[in-house]
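Below is one structure; the comments refer to it alone.
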Amino acid sequence: MTKHYVIVGGGVAAVHAAKAIRDQDAESEISILGEEDQLPYNRIKLTKGLFTDLHNEKVLIKKEKWYRDNRISVKTSTRIVSVHPDRQLVETDDGHSVSYHKLLLCMGARNRALSIEGAGLNNVHTLRDMKDADRLKESLQDGSRVAVIGGGVQGLETAWALHEAGYQVTVIEASLSLMGRQLDEKSSHLLKETLDRSGVKVILQAGVASITGTETVSGITLDDQSHYPCDHVVYSIGIVPNTVLVNGSTIQVRKGIIVNEQMQTSDPNVFAAGDVAEINGHVEGLWGGAIEQGRIAGSNMAAHLTVYRRAVPVTLFNAFGIPLFSIGNVDERHCDQTVCGEENGGYTRIYVKDNTMVGAISWQGAAASLVYKAAIEQGNALAGINLAGNSIGEIMTEVQSRLN
1 MTKHYVIVGG GVAAVHAAKA IRDQDAESEI SILGEEDQLP YNRIKLTKGL FTDLHNEKVL
61 IKKEKWYRDN RISVKTSTRI VSVHPDRQLV ETDDGHSVSY HKLLLCMGAR NRALSIEGAG
121 LNNVHTLRDM KDADRLKESL QDGSRVAVIG GGVQGLETAW ALHEAGYQVT VIEASLSLMG
181 RQLDEKSSHL LKETLDRSGV KVILQAGVAS ITGTETVSGI TLDDQSHYPC DHVVYSIGIV
241 PNTVLVNGST IQVRKGIIVN EQMQTSDPNV FAAGDVAEIN GHVEGLWGGA IEQGRIAGSN
301 MAAHLTVYRR AVPVTLFNAF GIPLFSIGNV DERHCDQTVC GEENGGYTRI YVKDNTMVGA
361 ISWQGAAASL VYKAAIEQGN ALAGINLAGN SIGEIMTEVQ SRLN
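If you're matching positions, the sequence shown starts at 1 in the UniProt record's numbering and goes up one per residue.
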């Protein structure tokens, strides 16, 4: 069979996989089959840059010339409806078949749906692709009141973009705290205080019972039966891997498509990467992880064997003027001790296990995050550093001196 690398999906994992393949194989055909009607773009911009020109080429992961120079075919508006590993081909919704010798599945994930009364009303939105963003912006009017359901990173970035654009915003979060997966109790409290001061209303420990309205949203009702009028609802309550394409095939699925450390599925000629992939029982759902998984998958597809090592998770949050980052393991239940303090006017907490730094939360900004990330990645021992007696600044000065 003529070598043809086929990549289903047009996200960041797909692009980095294609690059890795071309780096190893200069001649074979590479095709990216994407369902959207444009070149692969940076989905992070959908919230962080909601009210900028999202159709500008600056949001593209790679410009058209790069694909042309690397002889990578990108077929947009191409929906794959079935995969046939036994025949090594995929089928499109218009009845065409595309043969492959190696296949990479990068269908990503969809936002978890709201399963409450009123979820189908007009002006109920989620943000996962460019059309979602366009629909939201086109439907907003001067003075629109927006309820954002979900106090995670995406929900808060969306709230910030809406607030900056002049809309009245209320954030509803079912748990005790904002960004509960990334922050400790104090950081979450500081974050809520900042939102309160900015004029964004935050309601915690509040489940949404229903969205009210006749044809269009008019308000939301919480579990305690309190009612809040609004004109739009935007929800961000987690993701679900898009595995429907392989349902009924020989490719094994649990939460996501199961892969080994080479990003290979249960079929030796089929790989998966990004938000659709499950490795060691986890779907990472992280931008950096998707890049690395795509690179590893592409290298292995081109027979340059390498294994995926999970990257240290990094969250850089810069909404509401907050220079906040969270890196690594920040669950104190899985740590031996934590050290916290003020440094450069910002709260910082580091997490220690087996005498090495495994996580950090800080309000010192993105530039400062580099030292923390390097220390966590390298796993340098903290032996000889007085964690109890030294300030965060003194501890990190010593840590930095030990970095490779």
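Beta carbons: idealized from backbone N, C-alpha and C, even for Gly. Since the model is a prediction, treat every value here as computed from it, not as a measurement.
Worksheet item: Per DSSP, what kind of secondary structure is M179 in: helix, strand or coil?
Response: coil
Discussion item. Per the DSSP calculation, L89 is bridged to which residue(s)?
Written reply: H84 and S99
Worksheet item: Can you tell me whether A367 is buried or exposed, with buried defined as 16 or more other CB within 10 angstroms of its CB?
Response: Its Cβ having fewer than 16 others within 10 Å, A367 is exposed.
Item to complete: Using a threshold of 8 Å, state whether the C-beta atoms of S236 and T126 are closer than that.
Response: yes
Worksheet item: Whose CA, out of V6, T348, Q168 and P229, lies closest to the CA of I395?
Response: T348
Worksheet item: DSSP state of G359, grouped into three classes?
Response: strand
Worksheet item: Candidates A381, T216 and T47: which alpha carbon is nearest K131's?
Response: T47
Discussion item. For the structure I just gave you, are there three or more beta carbon pairs, one from the segment 377-384 and one from the segment 330-343, closer than 8 Å?
Written reply: no
Worksheet entry | Limits of the beta strand (DSSP E) - the one that N111 falls within | It spans A109 to N111 - the beta strand (DSSP E) in which N111 sits, taken as one unbroken run.
Worksheet item: R71 to A174, Cα distance in whole Å?
Response: Each residue's alpha carbon lies about 48 Å from the other.
Worksheet item: Is the Cβ-Cβ distance between R112 and G238 less than 8 Å?
Response: yes
Fill in: Cβ-Cβ separation, G328 to P313 (assumed contact under 8 Å), whole Å
7 Å
Item to complete: Label L176 either buried or exposed according to how many other C-beta atoms from any shown protein chain fall within 10 Å of its C-beta, with 16 as the threshold for buried.
Response: exposed
Worksheet item: Just reading off the beta strand (DSSP E) that A272 is part of, what are its end residues?
Response: V270 to A272
Worksheet item: Which residues in the same chain as K3 place their Cβ atom closer than 6 Å to its Cβ, once the five residues preceding and following it in sequence are excluded?
Response: S28 and H101
Item to complete: Please name the residue, chosen from L162, I61 and G341, that lies closest to H232 on a Cα-to-Cα basis.
Response: L162
Practice prompt. Could you spell out where the beta strand (DSSP E) holding I322 opens and where it closes?
Written response: I322 -> no beta strand (DSSP E), and no H or E assigned at all.
Worksheet item: Going along the chain, which unbroken runs of the alpha helix (DSSP H) with 4 or more residues stay wholly within the segment 251-296?
Response: none
Fill in: Neighbourhood of Q88 by C-beta distance below 7 Å, restricted to the same chain and skipping five residues each side
S99, Y100, H101 and N269
Worksheet entry | Assigned exposure category for Q293 - 16 Cβ within 10 Å defines buried | buried
Worksheet item: Hey, would you say L195 sits closer than 8 Å to M179, going by beta carbons?
Response: Against a cut-off of 8 Å, the Cβ pair of M179 and L195 comes out as no contact.
Worksheet item: Curious, which full-length beta strand (DSSP E) runs of at least 3 residues does the segment 14-71 contain?
Response: 29-33
Worksheet item: Should V200 and L136 be called a contact, given that it needs their Cβ atoms to be closer than 8 Å?
Response: no
Worksheet item: Looking at C-alpha atoms only, which residue of V146, I7 and E117 is the closest neighbour of residue 407?
Response: Residue 407 lies beyond the stretch modelled for the chain, which goes from 1 to 404, so this question has no answer here.
Worksheet item: Any contact of the segment 76-94 with the segment 212-228, i.e. 3+ C-beta pairs under 8 Å?
Response: no
Fill in: N- and C-terminal bounds of the alpha helix (DSSP H) containing D163
Before going on, a small fix: residue 163 reads as His here, not Asp. Counting along the chain, the alpha helix (DSSP H) containing H163 begins and ends at V153 to E164.
Discussion item. Assuming contact is defined by CB atoms lying nearer than 8 Å, are I21 and M301 in contact in what I supplied?
Written reply: When the beta-carbon positions are compared, I21 and M301 come within less than 8 Å of each other.
Fill in: Same chain, Cβ closer than 7 Å to T78, five either side skipped, listed in chain order
So the qualifying residues of the chain are L33, G34, E35 and T92.
Practice prompt. Out of I279, N318 and G207, point me to the one whose CA is closest to V310's CA.
Written response: A small fix is needed here, since residue 310 is Arg in this sequence, not Val. Here the closest residue by C-alpha is I279.
Practice prompt. Could you check the C-alpha separation between G341 and K373 for me, to the nearest Å?
Written response: 18 Å
Worksheet item: Going by the CB atoms, is the gap between A109 and D275 shorter than 8 Å?
Response: yes
Worksheet item: For S144, which residues of its own chain have a beta-carbon under 8 Å away from its beta-carbon, when the five flanking residues on both sides are left out?
Response: Y167, Q168, D231 and H232
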